[in-house]
Structures are given as structure tokens and as C-alpha cells.
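Below is one structure, written out as C-alpha cells; comments come after it.
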Amino acid sequence: MEFEADDDDEWVWPNELKEARLMEGILRCQVCGEFLSGPVLLRECRHSFCSECVRKHLLARGTNGCCPECKCACSSSDLIPNRPLEQLVGFFRALKPKVLHLASTSQGSGDGATLASLSTSDLTDTATASTSTDITARMPTTSYNFLKDSQIRQLLKSAGLLAILPTSKDNMITCHKEYTMLWNAQLDTINPKNASQVRAEVVTKFRQRQHETAAKASTRRSLGLRPDDPIEKAITRTSALNDNFRKLAQQVKAQKANAATTQPNPSAASPSTASPAKTPSKAPEVSPQQDVGGDVARSYIVDGTDRNLMPNGDLRFLPRELPPATPAATTTAAAGPWRHLYSNTLSKPIFVHSSTAQVTDIPPPAFASMTKPPPIKRPMELPTKWSCARCTLENESHVDTCEACGAPTTRPARPKRSRQSKLSL
Numbered sequence: 001m002e003f004e005a006d007d008d009d010e011w012v013w014p015n016e017l018k019e020a021r022l023m024e025g026i027l028r029c030q031v032c033g034e035f036l037s038g039p040v041l042l043r044e045c046r047h048s049f050c051s052e053c054v055r056k057h058l059l060a061r062g063t064n065g066c067c068p069e070c071k072c073a074c075s076s077s078d079l080i081p082n083r084p085l086e087q088l089v090g091f092f093r094a095l096k097p098k099v100l101h102l103a104s105t106s107q108g109s110g111d112g113a114t115l116a117s118l119s120t121s122d123l124t125d126t127a128t129a130s131t132s133t134d135i136t137a138r139m140p141t142t143s144y145n146f147l148k149d150s151q152i153r154q155l156l157k158s159a160g161l162l163a164i165l166p167t168s169k170d171n172m173i174t175c176h177k178e179y180t181m182l183w184n185a186q187l188d189t190i191n192p193k194n195a196s197q198v199r200a201e202v203v204t205k206f207r208q209r210q211h212e213t214a215a216k217a218s219t220r221r222s223l224g225l226r227p228d229d230p231i232e233k234a235i236t237r238t239s240a241l242n243d244n245f246r247k248l249a250q251q252v253k254a255q256k257a258n259a260a261t262t263q264p265n266p267s268a269a270s271p272s273t274a275s276p277a278k279t280p281s282k283a284p285e286v287s288p289q290q291d292v293g294g295d296v297a298r299s300y301i302v303d304g305t306d307r308n309l310m311p312n313g314d315l316r317f318l319p320r321e322l323p324p325a326t327p328a329a330t331t332t333a334a335a336g337p338w339r340h341l342y343s344n345t346l347s348k349p350i351f352v353h354s355s356t357a358q359v360t361d362i363p364p365p366a367f368a369s370m371t372k373p374p375p376i377k378r379p380m381e382l383p384t385k386w387s388c389a390r391c392t393l394e395n396e397s398h399v400d401t402c403e404a405c406g407a408p409t410t411r412p413a414r415p416k417r418s419r420q421s422k423l424s425l
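According to the UniProt record's numbering, the sequence shown holds residues 1 to 425 in order.
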């Protein structure tokens with residue numbers, strides 16, 4: 001049985017060496033899942049993580065920093081470098097492929113396999129190897145709330161991050177925070193990066209973010225979205241538009257199919273059997289008129305019919321049930337239309353013939369079923385007594401001064417005239 005030595009996979013261990021797999025799980029970071037790099041120990045809960053991973057986590061949490069595993073409150077000042085654990089990780093990574101190779105060969109040769117192939121010098125060189133670095137002191141945490149753009153730009157210049165300028169204030173703050181975090185993380189490992197490598201990593205990540213932002217903005221412009229709209233909105237709107245277009249196309253196809261099936265055959269129809277076309281009658285006109293007494297009234301023009309047809313020939317409303325027309329009514333209606341007026345002066349309806357100018361108060365036969373009862377007027381109730389404002393004595397209505405104190409009346413000399421509403425006409 002052959003095993004592939006892969007440092008990034010913890011499931012290559014055989015079942016006989018499950019303890020080694022559990023040990024490797026302990027030596028891996030719970031945040032990134034990789035082997036611990038520059039492990040640090042939290043002061044309160046004693047959990048270990050990669051220095052860079054836990055610093056990124058605390059930077060993202062801001063003032064609500066906590067342990068990624070147990071959520072215990074902590075800050076970057078509670079991180080303690082764990083150098084022995086980092087050395088143990090180095091020894092384990094160097095020993096893993098050799099143990100897997102030994103386990104694969106021992107299954108074929110029995111118990112005669114030895115550990116002579118393991119070179120202790122290689123393990124020692126791997127664990128003690130380190131690179132020279134110019135990172136010797138930690139950078140303090142900076143408060144950017146009260147700093148001007150020129151001051152933040154000066155901080156980037158002192159850090160050697162002029163490659164990201166010019167850019168916005170938010171981008172400058174983000175880059176300087178990331179540079180400070182990576183700088184302090186190198187002091188927690190036995191194999192730290194130098195300052196130039198840290199600067200190159202910060203600039204690379206900044207350009208990646210700029211490229212992603214430009215790509216998202218271009219996608220939003222192509223989809224017709226605003227800069228603050230999510231891209232999911234375009235997906236929903238596009239699907240809705242496609243559904244509407246599909247429904248519209250189906251409706252057009254259905255209309256064409258119905259028109260083709262319901263189109264009459266010109267050879268089958270004949271002039272003798274063709275049905276007469278419906279001619280819509282003229283709708284009754286309603287216009288304000290003035291009666292003989294000068295009062296505004298409502299006028300109804302009757303053209304001899306009680307139907308109002310729509311352009312397609314259908315009834316606009318249900319017709320009223322009229323009594324059967326008599327010959328006299330037919331003759332009178334055919335002679336000319338009547339206008340129905342209501343005179344406020346005479347307090348009764350009148351009817352005027354438009355052709356003969358005949359005026360009558362007797363409803364013609366055409367208005368037999370349309371005659372409306374005259375409106376009931378409420379009698380005006382005039383006060384018979386008035387109360388004095390000074391002594392509250394009630395005096396007769398014809399007296400202008402109070403009989404007790406002589407105060408003049410407060411009621412108007414003439415009653416207030418009420419304007420008739422158009423709705424009551």
C-alpha cells in the first residue's frame with residue numbers, strides 16, 4: 001500500500017496511525033485550517049492560533065474582539081508568542097512524510113523495518129532554519145479618527161507604501177492597518193518575513209481589491225444598476241422581464257390563432273343571408289340649460305330611443321323597462337325631441353319641444369317613465385324671537401332693541417341668503 005506524503009492533507013494517515021492524525025489536527029489553526037504559523041497564545045482562554053489569522057480576526061471585530069473558538073473577550077495586547085509550539089510544528093511537518101513512507105513499507109516487509117532512514121540532521125536543520133529580518137520592534141496601534149489625509153499619507157510614506165498612492169482615505173487607512181498587523185505578526189514567528197516582503201504583500205492585496213472593485217462596478221454598469229445596488233437585483237429583474245416577454249409572446253400567438261379560426265369565409269356568406277350590421281345609436285346628451293324663468297336646470301335630450309350602445313354594438317348598460325309605446329306617443333316622439341327642464345321659479349317641471357317651441361308642464365309620452373318627482377324644498381324657518389346679548393331677555397322678532405336694557409339686536413337686518421348647490425339642481 002502506497003501513501004502520498006502531502007503536508008496539506010491530514011487524512012492521508014492510515015487507520016493504524018489515527019493518533020498521528022489527531023495530533024496533526026491539534027497542530028493546525030482553527031481559523032485557516034493550515035499548520036500553525038507563528039502561533040500565539042491568548043492570555044485569558046489559552047487557545048492558540050496563527051498570529052496573522054487571529055490579528056485579522058481582531059482587526060475585523062474592532063472593539064468587540066474575542067477568541068475565534070470560545071468567544072472570550074480579548075485584544076491584540078493579550079497575544080503571547082508560543083515559540084515551542086512553532087518548533088514542534090516544524091518537527092512534525094518534517095517527520096510526517098518519513099513516517100508515512102515507513103508505514104507503507106512496513107506492511108510489505110513485516111516487523112523488520114527500521115528507523116534508519118530517518119535523518120535527525122534534516123529535522124534539526126528544518127526546525128532551526130530562520131531568515132534574517134529587519135523587523136525588530138512592534139508598531140503601535142494608530143487611531144485614524146482625528147488624522148488628516150496628509151498625516152495618513154505621511155504614515156504610508158514612512159512605511160514605504162507609496163506604490164498605492166494616490167487613493168482614497170479609506171484605502172490608505174486599510175492598507176496601513178494591514179501593514180501594521182502583518183508587521184507585528186512577524187515578531188511572533190521564528191521564521192519572520194522581512195519588511196520588503198511585508199510591503200509587497202500589502203501592495204499585492206491592495207491591487208487585487210482595486211481590480212475586484214472595478215470589475216463589480218463594470219458589471220453593475222452593464223446590468224443597468226446603481227453603484228449601491230446588489231448584483232442579485234439584476235438577476236431577479238432579468239428573470240421577471242424574461243417571464244413578461246414570454247407571456248406577451250404567448251398572448252400574441254393566441255390572438256393570431258383565434259383570429260385565424262374565427263375569420264368568416266367570404267364564399268359562404270351571401271347578401272341575402274348576411275345579417276344587418278348593428279348601428280350604434282346616439283348616446284343621450286346631457287347639457288346645462290336655462291328655463292324660461294332664468295333658473296339653471298338639468299336638460300335631457302331624448303332622441304326617441306332608450307339604448308346606448310358601445311362602438312362594438314354591445315349595450316353599455318341594461319335598458320329600463322318602458323311601457324309599450326302608444327301610436328300617439330310614437331307620433332309625438334317622431335315629430336321632434338322634447339327637453340325636460342325644471343323651473344325653480346315655478347317649482348315644477350316643464351317640457352319644451354325643440355321643433356315647435358311648445359312649452360307644457362304635462363309630461364309627454366316619451367317622458368312617462370322618465371319623469372322625476374319634483375325636489376322637496378324645506379321651508380325656511382325664521383326665528384320668532386331673539387335673545388339679548390346683555391340681559392338675555394327674549395324679545396319679539398319685530399323689535400330691534402331690547403325692551404329691558406335697550407341694547408340693539410345682534411341679528412342681521414335681513415336673513416342670510418343661501419346659495420343653491422349645483423348638486424341639488
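Just so you know, even glycine gets a beta-carbon here, dropped at the ideal spot from N, CA and C.
Predicted, not measured: the structure shown is a model, and the values here were computed from it.
- For Asn395, the uninterrupted beta strand (DSSP E) segment begins and ends at 394-396.
- The alpha-carbon of Lys157 is positioned some 29 Å away from that of Asp78.
- With fewer than 16 neighbouring CB atoms inside 10 Å of its own CB, Val252 falls in the exposed class.
- Taking C-beta atoms as the reference points, Cys70 and Cys50 fail to come closer than 8 Å.
- Taking C-alpha positions only, Ala60 is separated from Leu248 by approximately 50 Å.
- The three-state secondary structure of Leu346, taken from DSSP, is coil.
- Secondary structure at Leu79: strand, using DSSP grouped into helix, strand and coil.
- Residue burial annotation: Leu36 is buried, with at least 16 other C-beta atoms found within 10 angstroms of its C-beta.
- The straight-line gap separating the alpha-carbon atoms of Phe245 and Val352 is approximately 59 Å.
- Bounds of the beta strand (DSSP E) holding Leu42 are 39-42.
- Assignment of alpha helix (DSSP H) within the region 41-65, counting only whole runs of 4 or more residues, yields 51-61 in chain order.
- Per DSSP, reduced to three states, the secondary structure at Phe367 is helical.
- The three-state secondary structure of Arg390, taken from DSSP, is coil.
- For Pro408, the three-state secondary structure derived from DSSP is strand.
- In the three-state DSSP reduction, Leu161 falls in the coil class, being neither helix nor strand.
- Here DSSP, grouped into helix, strand and coil, assigns Phe206 to helix.
- Under DSSP, Leu341 forms a beta bridge with Ile350.
- Residue environment for Phe92: buried (at least 16 other C-beta atoms within 10 angstroms of its C-beta).
- Your pair Leu161 and Tyr179 checks out as a contact, with CB atoms roughly 6 Å apart and the cut at 8 Å.
- Sixteen is the threshold: when 16 or more other Cβ atoms of the shown chains lie within 10 Å of the Cβ of Phe206, as they do, the residue is buried.
- Taking C-alpha positions only, Lys56 is separated from Lys96 by approximately 29 Å.
- Put simply, the backbone Cα of Lys18 is about 40 Å away from that of Ala200.
- Between the alpha carbons of Lys348 and His340 lies a distance of about 11 Å.
- Here the region 182-197 makes contact with the region 135-145; the two share three or more CB pairs at distances below 8 Å.
- DSSP, read as helix, strand or coil, puts Lys385 in strand.
- In this model, Thr392 and Ser343 are separated by some 43 Å (Cα to Cα).
- The Cβ atoms of Ser387 and Glu394 lie closer than 8 Å to each other.
- Going by DSSP, Asp170 is part of the alpha helix (DSSP H) stretching over 169-186.
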